[in-house]
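In UniProt numbering, the protein residues as written are 1 to 1160.
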Amino acid sequence: MVKSEPVPFYYPGSKKPIYDAKAEAEKDAIIVCGKKAWKSNALSILNEILNRQGKKDVDIQCKIKMTTESVTFYCNASVQLTVNGPKYMGYSESDEKDIAYNLCAYNILQMIHEGPEKNLKLCNFGVAKKSDLKPRQADIYSPNEVEVAKILGKEVTEENAKSLLNQILAKEGQTSATFDYDVVPGKRPLKFKTTLEIKLESSGKKYFVEKITSSKRTGSIECAMDVLKQMAKEGEYVVRDRKRERKIGITKATIDVPDDPDLYNDIESFFKWIQVELPEFSLDSKEPVKISPPSLLDLEREPDDRNKNCKNSYTNELMCEWFPPRPNYNCWLGCTLTNNDKWWNKELYEISQELLYLEVRKKPNPKMVECRQKLPVFEKRHQIVEASECHQVLLIKSNTGSGKSTQIAQILLEHYISIGRGSEFNCIITQPRRLSAISLAKRVAEERGENLGESVGYCVRFDKVDPRPFGSILFGTVGTILKKLSSGFRGISHVIVDEVHERTLDTDFLLIILKKMMSQYTNLRVILMSATVDTLQFEKYLEGIKVIELGGTSYEVQEMYLDEFIQHYQYIPSNCEKPSDFEENEEKWSFSNVNDEAIVSPIAKYVANFVERSEEFPYDVIIEMIKESAKVMSELNEYGSILIFVPGWAEITTCINKLEESEENEIYWILPLHSNLSTEEQNRVFQSPPDGKIKVIVSTNIAESSITVNDVLYIIDSCKQKMQMRHHDSAAAVFRIGWASKDCMEQRKGRAGRVRPGYCYRLVTKQLWNSLQQQSEAEIKTAPLHSTILDIKALGLGDSKAFLQYSMEEIDDKNIFESEEYLMQLSALDKNCNLTYIGRIIQRLPFTPDTAKCIITAILFNVVDSISIISGNYGSSNSLYTNTCEPNEMADFILKLCGDFISDHVIPLMVIKENTRLERIFDCNTNIHEYIAESSLKYLYKVRNQIFTLLQEQFYDFSFNDYRLVTNESSSPSMHVIIALLVKSYYPNIAYQNKKRNFLDMEGFKMSAHKCSVISLDKENFENRSPFIIYSQKIITTFAMFKECSVVSPLHILLFGSSKVIYNGGRQIKLDDCYTFEMNPKFAQMILHLKIIIDELLQSLCAKRMLNEKEQAVKHYIRNIIERVTTMAYKINDKVFEKIELDKPTKVDFTMIGGTTKWM
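This is the structure in structure tokens:
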């Protein structure tokens, strides 16, 4: 038998083989993140990994060095797979560009292969859009990697490339392509540099390419092909191959909607009555027709006039004006004092004398005074006061435990009161988290011997305690403080930004505002504080800033890294795969095999690397660390608390369960600490443990900064955190567990050592620690800017791009543009990016723009109370259910609440309704709190009341008790309207459940329901419910999962859940290239145009704060139509869904406007 010759193995785009045989190339194969890579495919594999992580393709920098003998390409690049994770660098050189690119990528993959992220499970983001490929990289992709498309209906080849390009230029009214040729100097044989530059007049896009080849002909062909590839990626003159293109969404299911003549006649007469003519289209057209609703319609006057009025009437309320505290002004309420106020009609010196009198009458708590005086910040109080007086902006860098969060504002307040100027001091101090704002306010009030609401208060989302209007301190979350800026910082003397190193989007936005205000108002004082901030960065950003560096606690916190812990305690986790020669080579793999230079043995390094690379969370290591810490405490008879940092709630509960199952569980007093918990539950961590118990706190990064548990002795840091990532080309939210930054880990370490020396175990090796990022990336660079841009417009700060250029970080213009486009779609901005009346109210509500729009739309249809409750629960970090309940245990309770609607969204609404009913009839036998957390109920009532107050300020008359009328029966008209508005709010978060019970999103990717979702509890009812759902949020880890979903009718989606609708002839309608309807196309067109009329009606309501008589009638007609459309009969394949009969639909008479039905 004759052996066949090895097949040569080539680089994509190159005629030069890598090796003479594929078998030889196999030697260089490496597995990275589950992907097999060679030198030949390294670039495509690296890009696939980055795309799956939601990142752009690798940006390879290439420099060309030409000599008389040769041309050499030098490439370098760096990538980062995870936030705060290691950076991987790659370098290469070759005489062929394609090979140089691949070798550079291969070097990067080798580094990943040798590092802690070798086995990283990738996110399910799919691949990047081909338009993101850089022009210079287009030529290195093999044909099967390029998007399936044809130029002018023909596949591009070497033979037809120049001809196709000239045909395109002819269509553009231009002459044939002109190629420029230059001889590359010193090359033998001759080399030619060919360049081509094209501009398409139709799109304004420019294309440029440069090639070095051995002949002019080859250069011109390669340039033409490259330009055509670039055009294809931009969608220019492209005809797609439908047979080969990936099918997405629903490809087989068709929704058949039978005609309803009465409903058709009623809607048609309604459009005639409001004098709206819909665009005509031919039912006989053989070409697809886009049924595109026009821009805003107008029932009474031009939208531009309305927006102009909005702008003119609102500019007087902007935050540009600032003034210090002045008589008869309450800075916390942003209004003038009344004659009922204690401080009314008093001059500042009178108020200052009274504040001094109140201060000297206090009887200080000796223990509190002693505790304060021991803090490093207190010792430096005179230096801080002097610096604040002499400098407009201070940066105080002080170690954790120095007392800066509780003492700085107090020191300044006491100074102003003592010198008889107490009335001139009002201070805002921002905190990154709700818990820290509340707990710090309580602590400072306690230290001052007062109750909250005297000289100290707090302001967080849906909760606040205002202090007195003079001589006071207000703690607040950054986002909440920004919402108060509609009246600016009027009456505020000092602004303190705590934990400034965290660089959240809101913090950076606030810094821009403060920077601009300080340049205009030199008496405004700003203080920035952090334990780990990069002072040089802030010195460059803020001119004239004074930096003060203070010490922290005097107690040392000893660090121990993962490999050191494993070596010291000779510990091997049960899930660790031992080396293949472990049994045969005992001496090599012994913990005692440590040479003089090394600290740890090879086996300790091996085990530590295994733990680092494993995707399993290291619960066993954490339990062992707790066990050893407790043992040391017992031996030394020195007891304290153990604080463990883990990424999220799932890790908290699992860790607690494992601790409770351990042999030593009787000595532990285990407490969770998470934002989901009520304030009362969170405050338990400050209490002393029962006698004979060791307090073990399992927390997320909520305990990382600004709160102090004084008795913490041991820190166990998983060195990981849950973070939200954003796909570079979409708004998809990704919650991913990744490495924390070094600064964050230093903050965690500082939680120990407050009252005595402490210890910090880190679950990383020293080697990995050194490669992690010092600081987390600023959110403003990548996060959606929707709310920020609304704030810019509402506060009168001018053009978004111009304002944001003052940011400490450079912001991608694309991010700004996409956010403005999104706000235009919400009708929050007009076409000139000016704030509309709708946008003004959206900005004032404490929700994301889409949720706020949903709330104000609900006013039109008298369901605003219900939508407010649903939105309040969605926007809360608190869990609705008690922590002691498992989902399966309360399945019957949840399904009973849902009734005929399989919906997570309606549960809080029905909980409030049921709780109100039980309170009204004094039913003591039904205990709803067995399943529902009482703190969450109180929170929802608080949210509801605040939204009512906010809307009452904006509108003259609206109903706010509709939740009492809503039922969970399918005949409830209001519930169908509520679900319709949720579709409007959450679009395009729509998924379809196929026959295999897999959920597919609108891009065709598989998803699964969260285990706590009601749809996971209703598995047996699959055949009887609609296969369509909407969901609030997609979470992408190693797979895609949705939270908070509702089953919806496809008619809900047609009404409010589509952006591009195509009529394909006959009765076929296609929604967003995903869902196919068989229905009357004219009827579909009328339904689609309803949302435009609703937006115009809403604009009128927001502008005039009420509707006139005709608009009221329009509103009622539309609600009736929505109720009837969303309950129509339909059929999906062979499954029939009958029409739902409504109980008491909205009362209107269509016969009065030429229609058929009468609902009176």
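Positions of the beta carbon are idealized from the N, C-alpha and C atoms, including for glycine.
Taking Ala-441 as the centre and dropping the five residues before and after it, the same chain places the C-beta of Leu-452, Val-456, Gly-457, Tyr-458, Phe-475 closer than 7 Å to its C-beta, in chain order.
Residue range 216 to 233 is occupied by the alpha helix (DSSP H) that includes Gly-219, with no beta strand (DSSP E) assigned at that position. The criterion of a C-beta distance shorter than 8 Å is satisfied by Ala-794 and Gln-843.
Among the bridge pairs identified by DSSP, Ser-1046 is matched with Ser-903, Ile-1030. Between the alpha carbons of Phe-192 and Asp-182 lies a gap of roughly 6 Å.
Contact annotation: the stretch 673 to 685 does not touch the stretch 495 to 504, with fewer than three C-beta pairs closer than 8 Å.
Rounded to whole angstroms, the gap between the alpha carbons of Lys-150 and Val-238 is 5 Å. Residue pairing for Arg-525: DSSP places it in a beta bridge opposite His-494.
The criterion of a C-beta distance shorter than 8 Å is satisfied by Ala-161 and Leu-228.
In the DSSP assignment, Asn-76 forms a beta bridge with Gln-61, Tyr-91.
DSSP, reduced to helix, strand and coil, places Glu-114 within a helical segment of the structure shown.
With respect to Cys-655, Asn-701 sits apart: the two C-beta atoms are not nearer than 8 Å.
According to the DSSP assignment, Val-1014 belongs to the alpha helix (DSSP H) that extends over 1014 to 1017. Every alpha helix (DSSP H) of 4 residues or more that sits fully in the stretch 968 to 996 is shown, in chain order, as 973 to 986. Within the stretch 428 to 489, the complete beta strand (DSSP E) segments at least 3 residues long are 456 to 460, 463 to 465, 472 to 477, listed from N- to C-terminus. Taking 8 Å as the cut-off, the Cβ atoms of Leu-542 and Leu-510 do not count as close. For Glu-953, there is no enclosing beta strand (DSSP E); the enclosing alpha helix (DSSP H) has its first and last residue at 934 to 954.
DSSP, read as helix, strand or coil, puts Asp-892 in helix. Rounded to whole angstroms, Pro-1027 and Asp-1072 show a C-alpha spacing of 17 Å. Note that the stretch 602 to 619 does not touch the stretch 679 to 693; fewer than 3 beta-carbon pairs, one per stretch, sit closer than 8 Å. For Val-755 and Tyr-521, the gap between their C-alpha atoms comes out near 42 Å.
The beta strand (DSSP E) runs of length 3 or more contained entirely in the stretch 698 to 767 are, from start to end of the chain, 712 to 717, 720 to 726, 733 to 739, 758 to 762. Partner residues in a beta bridge of Cys-1102, as assigned by DSSP, do not exist. In the three-state DSSP reduction, Gln-392 falls in the coil class, being neither helix nor strand. Excluding sequence positions up to five before and after Cys-833, its CB lies within less than 6 Å of the CB of Glu-820, all in the same chain and listed in chain order. About 16 Å separates the Cβ atoms of Val-289 and Glu-1078, ruling out a contact at the 8 Å cut-off. If the five residues before and after Glu-969 are omitted, its C-beta is found closer than 7 Å to the C-beta atoms of Gly-899, Asp-900, all from its own chain and listed in chain order. DSSP, read as helix, strand or coil, puts Cys-335 in strand. Taking the Cα positions, Glu-424 is about 32 Å away from Arg-840. In the structure shown, Thr-195 falls within a strand segment according to DSSP collapsed to helix, strand and coil. Around the beta-carbon of Glu-1123, 16 or more other beta-carbon atoms lie within 10 Å, marking it buried. CA-to-CA, the gap between Pro-327 and Glu-350 works out to about 10 Å.
Annotation: the continuous alpha helix (DSSP H) that includes Asp-813 extends over 813 to 825. Out of Val-966, Ala-858, Leu-897, Ala-630, the CA that lies nearest to the CA of Ile-932 is found in Leu-897. Annotated three-state conformation of Lys-362 is coil, per DSSP. For Leu-643, the enclosing beta strand (DSSP E) starts and ends at 641 to 645.
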